[in-house]
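Notes to accompany the following structure.
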Amino acid sequence: MGNESQPNWEDKVTIKLPNITSQQVWQVLQDFCNLHKWIPIDTCYQLEGIQNQPGVIRYCASTIKSPDSEPTIKWAKEKLLTIDPIKRCLSYEIVDNNMGFKSYVATLKVVPINDDDEGAGCVVEWGFVCDPVEGWTLQDFKSYIEYCLQFMAKKIEVESSSSSVTG
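Here this note's numbering runs 81 ahead of the position in the sequence shown, where the first position is 1.
Shown next, in the form of structure tokens:
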């Protein structure tokens with residue numbers, strides 16, 4: 082019995098940013114091909130399509146160092162499926178990779194706290210549906226997504242306090 086009999090992993094991770102507006106966070110997320118500026122990966126750039134339009138494909142990669150083996154590059158090509166600046170959400174899928182994903186679709190949403198677009202505070206939600214990945218548990222994968230979301234939140238907070246991210 083292999084992975085074929087396992088159900089898809091489906092879950093979401095959220096983080097609350099009480100001092101950042103939803104528009105400030107959306108400015109970061111909507112810049113689809115600059116993910117490397119906000120989460121801990123080495124590179125992210127546009128391969129094809131029109132920037133920030135459905136169909137655009139980005140290449141993301143990082144070098145993984147292990148004490149007992151040579152460094153390896155883990156990479157993924159990701160296609161933007163939908164983007165909605167009014168609802169502040171986007172979805173994308175992994176179309177090719179060397180990390181073990183057979184299927185992966187994610188949705189990122191930015192929701193203002195108390196439905197107040199003008200006030201500070203928002204929640205970022207990163208939902209995903211994917212086939213199980215060999216060598217990982219669902220909890221391991223969810224913890225990785227949480228780590229990336231926390232990393233991004235800290236960077237956005239630092240940038241917003243220096244007024245580099247504007248709404």
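Glycine included, C-beta positions come from ideal geometry on N, C-alpha and C.
Quick test of your reading: Leu105 and Ile237, contact by CB under 8 Å. State the CB separation rounded to the nearest angstrom.
For the record, residue 105 in the displayed sequence is Gln; it is not Leu. Correct: roughly 7 Å between the Cβ atoms.
Just to confirm before moving on: does the CB-CB distance between Ala234 and Ile122 stay below 9 Å?
No, these two residues do not count as a Cβ contact at 9 Å.
Cβ of Trp163 within 9 Å of Cβ of Ser143?
Note on residue identity: the sequence assigns Thr, not Trp, to residue 163. Their beta carbons are not under 9 Å apart, which means Thr163 does not touch Ser143 by this criterion.
Can you tell me where the beta strand (DSSP E) with Ser184 in it begins and where it stops?
The continuous stretches of beta strand (DSSP E) do not include Ser184, and DSSP gives it neither H nor E.
Could you name the residues of the same chain whose beta carbon sits closer than 6 Å to that of Phe209, not counting the 5 residues immediately before and after it, in chain order?
So the list reads Ala187, once near-sequence residues are dropped.
Taking its Cβ as the centre, do 16 or more other Cβ atoms sit within 10 Å of Cys141, making it buried, or is it exposed?
When all chains shown are included, Cys141 counts as buried.
Is Lys190 buried or exposed, if buried means 16 or more other CB atoms sit within 10 Å of its CB?
That one is buried.
Could you spell out where the alpha helix (DSSP H) holding Trp217 opens and where it closes?
Secondary structure note for Trp217: it is in no alpha helix (DSSP H), with a DSSP letter that is neither H nor E.
Note down, in chain order, each residue of its chain lying with its Cβ closer than 7 Å to the Cβ of Lys183, except the 5 sequence neighbours on either side.
Once the five neighbours on either side are set aside, the close Cβ partners of Lys183 are Asp212.
DSSP puts Asp92 in a beta bridge; with which residues?
Phe209.
To which residues of the same chain is Asn89 closer than 7 Å at the C-beta, ignoring the five residues directly before and after it?
Non-local C-beta neighbours of Asn89 in its own chain, meaning closer than 7 Å and more than five positions away in sequence, comprise Val210, Cys211 and Asp212, ordered along the chain.
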